[in-house]
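**Student:** With the numbering used here, the residue at position 549 of the sequence shown is 549, and numbering never jumps. One structure coming up, written as structure tokens, with questions to follow.
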Amino acid sequence: MAKTDLVELFTKRTRHPFRPRASDIISRLFPSFEQLENPGSSLIAGTCSFMDNQMIVIAQQKPKPENLRSSEDLKKLNYGMLTAEDHSLILTLLKKARTLDTENTIIFCIVDTYGADISMESAQRFQAFFIAHMIKEFLTIPIRTVSLVLGEGGSGGALAIQVTDIRGQMDDALYATAPPESMAAIVFRDATRIRDALTILKPTAKDLKDLDVIDRIVPSPKEVANPNEFAENVRVFLTKAVKDLSRAKIKKLIKKREARAQKYGLNKGSGTLYDIRRYIETPIKKAFRKPPPDIKIIQHISADQVGDDYDGYGDIRHGDAGEELVECSVSKGGCGRLISLQGLLDNFNVCPECGHSYILGASGWIDCLADTGSFHELYRNLTVNDLLEEDLITDYYRDFLAKQEGKSNFKESLVVGAARINHFQVAMAIGSFNCCGGSMGVVFGEKFRRLVDFAIEEHLPLISLCCSGGARLYEGISALMQMVKTIESVNRLKREGLPYISILTDPSTGGAIASYAALGDVIIAEPRALVIFAGPRVMESRGFKVDEKLIRSDYLHELSADIYNHLDLFHDIRGIQEVCERKNMKLAVAKYLELYTRTNYRPAKKHKKFVLSGTK
1 MAKTDLVELF
11 TKRTRHPFRP
21 RASDIISRLF
31 PSFEQLENPG
41 SSLIAGTCSF
51 MDNQMIVIAQ
61 QKPKPENLRS
71 SEDLKKLNYG
81 MLTAEDHSLI
91 LTLLKKARTL
101 DTENTIIFCI
111 VDTYGADISM
121 ESAQRFQAFF
131 IAHMIKEFLT
141 IPIRTVSLVL
151 GEGGSGGALA
161 IQVTDIRGQM
171 DDALYATAPP
181 ESMAAIVFRD
191 ATRIRDALTI
201 LKPTAKDLKD
211 LDVIDRIVPS
221 PKEVANPNEF
231 AENVRVFLTK
241 AVKDLSRAKI
251 KKLIKKREAR
261 AQKYGLNKGS
271 GTLYDIRRYI
281 ETPIKKAFRK
291 PPPDIKIIQH
301 ISADQVGDDY
311 DGYGDIRHGD
321 AGEELVECSV
331 SKGGCGRLIS
341 LQGLLDNFNV
351 CPECGHSYIL
361 GASGWIDCLA
371 DTGSFHELYR
381 NLTVNDLLEE
391 DLITDYYRDF
401 LAKQEGKSNF
411 KESLVVGAAR
421 INHFQVAMAI
431 GSFNCCGGSM
441 GVVFGEKFRR
451 LVDFAIEEHL
461 PLISLCCSGG
471 ARLYEGISAL
481 MQMVKTIESV
491 NRLKREGLPY
501 ISILTDPSTG
511 GAIASYAALG
521 DVIIAEPRAL
531 VIFAGPRVME
541 SRGFKVDEKL
551 IRSDYLHELS
561 ADIYNHLDLF
571 HDIRGIQEVC
581 ERKNMKLAVA
591 KYLELYTRTN
601 YRPAKKHKKF
611 VLSGTK
């Protein structure tokens, strides 16, 4: 396909109403396809034969024009978006696939979605947890896997079935951290600024191949509404992919998946040859890659689900005795009373009058959880400049990072280190909402990976605390891929038999809750914490009704009690096992560490000391 304008590509090809859907490809390529029963319309799943292999097909189906004829059809908001029940069906299928002849089975996934279903119904069925468990399964399943982004890949909904051995994308398809209209609404507060949003997202097949998100670019026919030519091009891609995979041992493929996940966000080269190439290429790139005109960020919001302005109490006042007072903000759910600022801080940012909690920074959580003076920070000086090539760090991203200075005692949105909790030695990963809204970017993912390496080396339990507004939109798809990176890290930790306790605080949203935070052996939440994949404002902007009380930790904890009655639906998901006040959180964590220590978990004899350092 000839090079075309991004907006034209998006509107006239990617979102073309008559662009072939997954069902068009399946009907032409797999005449023996037997579809599994599924009450929804967005998932097509079933089995067939292909090249003497048994093939399991998992496909996302966007609506066709004939599906949108009546007023009732148009009222439906989650077309092409997989629900929690859809994801459960896929997990069931993958579990059955493990019992088949794995050497002669192929899993083929077709990605074509705006994103995962973000309705209240899916949220209350732990949609984010399903996404995390899906990615975990695709990273570890001992079967050869192939995926293709057919039209549109949106956020974690696409990622859930895209992490395969070979990953293709049609040359006119787009795959991004968020749909461009959502990106525009979040960053620019103007959903019509599609061009600017696409410029930031870099969602084209070429962009993604350069970042190793996909392997192969599949040509699209000149006529976008020609299903036969589309299907033939997909057949050529799939045939070659199956042949290539048949020559590789499954164990090696699994290792390659892990190695690939660990490298996401590490785009910067090193060495003499790299320095020479950079010296030559940098001025050329600057000459030909000028920043697009008129990209002005209206409000610096880094995360895709919850903004940096999510929380906060009123201005500081002074009482008659000179003490500092703040108003417990009614607009944020507080009681409206004037309270002592020092009393609030001593109570870990929880109002002593009404119990309303405000976001607690990383320093506060360290004081809350760790024994006094025991926390030693690791990798403090790691920055985005160490990981990404210069041309991937845009001017508006640099401007955003500059505005974060002074907002936190830490340099990034994830603070990692070693500590003691009631004398138990642990590795800790603390989300810092005060820095970039706790957004998940390449430094976040790399620090988490390195911390897991440290925990494995030192044979330590891992304690993570999620306080995140979602993926860091300024980093585009690289931020989204940190979900895969952190999940792979948790997989390695569990393979070593090390305990993992996940703490969910307010807010726990976006990519963080749909990855590492959902995979704890034990998941504890603070009261009233927002726990959801898509934040309330994103849900409302897409027309979904929101009742925040039903997507907060207290209610989700109640729902979790019923999970054991529906294990066929929830598989290995257990929801939130405990809700605990901040002042009691340290003791809650310690009791699980005590249990691990007294039962199957035993610290191994150390052979090599991992150096505690605050350097890179």
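The beta carbon of each residue, even a glycine, is placed where N, CA and C say it ideally should be. No experiment lies behind these values; they were computed from the predicted model shown.
Indicate the three-state DSSP secondary structure (helix, strand or coil) for Arg15 in the structure shown.
**Tutor:** Note: Arg15 maps to coil in three-state DSSP.
**Student:** Less than 9 Å between the beta carbons of Leu480 and Gly431, yes or no?
**Tutor:** no
**Student:** According to DSSP, which residues form a beta bridge with Phe130?
**Tutor:** Looking at the DSSP assignment, Phe130 forms no beta bridge with any residue, so it has no partner.
**Student:** Does the separation of the CB atoms of Asp562 and Pro527 fall below 9 Å?
**Tutor:** Taking the C-beta atoms as reference points, Pro527 is found no nearer than 9 Å to Asp562.
**Student:** Please go through the same chain and pick out, in chain order, the residues whose beta-carbon is closer than 7 Å to the beta-carbon of Glu558, but skip the five residues on each side of it.
**Tutor:** A distance below 7 Å between beta-carbons, with the five flanking residues on each side excluded, links Glu558 to no residue of its chain.
**Student:** Looking at C-alpha atoms only, which residue of Leu159, Pro352, Leu9 is the closest neighbour of Ile487?
**Tutor:** Leu159
**Student:** According to DSSP, what are the bridge partners of Tyr175?
**Tutor:** Gly153
**Student:** Can you list the alpha helix (DSSP H) stretches of 4 or more residues lying completely in the segment 322-373, in chain order?
**Tutor:** 341-346, 362-369
**Student:** Ignore the nearest five residues each way along the sequence and tell me which others in Arg492's own chain have a CB closer than 7 Å to its CB.
**Tutor:** Val452, Ile456
**Student:** Buried or exposed for Ile316, going by 16 or more other Cβ atoms inside 10 Å?
**Tutor:** exposed
**Student:** By a C-beta neighbour count over all protein chains shown, 10 Å radius and 16 as the cutoff for buried, is Met51 buried or exposed?
**Tutor:** exposed
**Student:** Check the DSSP bridge columns for Ile56 and list the partner residues they point to.
**Tutor:** Thr47, Ile107
**Student:** Excluding the 5 residues preceding and the 5 following Leu618 in the sequence, name in chain order all residues of the same chain whose CB lies nearer than 8 Å to its CB.
**Tutor:** This structure cannot settle anything about residue 618, because the visible part of the chain is limited to 1 through 616.
**Student:** Have a look at Arg247 and Gln425 and give me their C-alpha separation to the nearest angstrom.
**Tutor:** 45 Å
**Student:** Which runs of the beta strand (DSSP E) fall wholly inside the segment 154-221 and span at least 3 residues, in chain order?
**Tutor:** As far as the segment 154-221 is concerned, its whole beta strand (DSSP E) runs of at least 3 residues are 166-170, 174-176, 216-218.
**Student:** Taking Phe400 as part of the beta strand (DSSP E), name the residues at either end of that continuous run.
**Tutor:** Phe400 -> not in any beta strand (DSSP E); alpha helix (DSSP H) instead, spanning 395-404.
**Student:** Three Cβ pairs or more, each shorter than 8 Å: is that satisfied between the segment 586-593 and the segment 509-520?
**Tutor:** no
**Student:** Leu253 to Asp165, Cα distance in whole Å?
**Tutor:** Rounded to the nearest angstrom, the two C-alpha atoms are 7 Å apart.
**Student:** Go to Thr621, then tell me how far its alpha helix (DSSP H) extends in each direction, as first and last residue.
**Tutor:** The chain is shown only over 1 to 616; residue 621 falls outside these bounds and no answer can be derived.
**Student:** Checking the sheet assignment: what are the DSSP bridge partners for Tyr500?
**Tutor:** Leu462
**Student:** Hey, is the segment 99-108 in contact with the segment 130-149, meaning 3+ C-beta pairs nearer than 8 Å?
**Tutor:** yes
**Student:** Looking at the strands, I want to know which residues DSSP matches up with Glu377.
**Tutor:** Gly417
**Student:** Quick check on Val546: does DSSP put it in helix, strand or coil?
**Tutor:** Looking at Val546 - three-state DSSP - the assignment turns out to be coil, as it is neither helix nor strand.
**Student:** Between the segment 500-507 and the segment 520-537, can you find at least three pairs of beta-carbon atoms closer than 8 Å?
**Tutor:** When Cβ pairs closer than 8 Å are counted between the two stretches, the segment 520-537 is seen to touch the segment 500-507, the count reaching three or more.
**Student:** Sort out for me which residues DSSP pairs Leu148 with in a bridge.
**Tutor:** Leu148 is bridged to Ile110, Gly168.
**Student:** Helix, strand or coil for Cys436, going by three-state DSSP, please let me know.
**Tutor:** helix
**Student:** For a cutoff of 9 Å on Cβ pairs, would you count Pro20 as touching chain B?
**Tutor:** This model lacks chain B altogether, as it is built from one protein chain only.
**Student:** Please return the same chain residues whose Cβ sits closer than 6 Å to the Cβ of His571, not counting the five positions on each side in sequence.
**Tutor:** Here His571 has Leu91 as same chain residues with Cβ atoms under 6 Å from its own Cβ, once five neighbours each way along the sequence are excluded.
**Student:** Nearest-angstrom Cα distance between Tyr264 and Glu548?
**Tutor:** 34 Å
**Student:** Based on DSSP bridge pairs, tell me the residues matched to His566.
**Tutor:** Partner(s): none; His566 has no beta bridge.
**Student:** Inspect the CB distances between the segment 108-123 and the segment 144-157 and report whether three or more fall short of 8 Å.
**Tutor:** yes
**Student:** Based on DSSP bridge pairs, tell me the residues matched to Ile250.
**Tutor:** According to DSSP, which records beta bridges pairwise, Ile250 is partnered with nothing at all.
**Student:** Over the uninterrupted alpha helix (DSSP H) stretch that includes Ala514, give me the two end residues.
**Tutor:** Run containing Ala514: none; DSSP gives neither H nor E here.
**Student:** Pick from Leu266, Tyr397, Glu103, Phe444: whose alpha carbon is nearest that of Asn53?
**Tutor:** Comparing Cα-Cα distances from Asn53 to each of Leu266, Tyr397, Glu103, Phe444, the minimum goes to Glu103.
**Student:** Taking Gly157 and Ala97 to be in contact with their CB atoms under 8 Å, please state how far apart those CB atoms are, rounded to whole angstroms.
**Tutor:** Not confirmed; about 21 Å, so no contact.
**Student:** Which residues in the same chain as Leu338 place their Cβ atom closer than 6 Å to its Cβ, once the five residues preceding and following it in sequence are excluded?
**Tutor:** Leu325, Glu327
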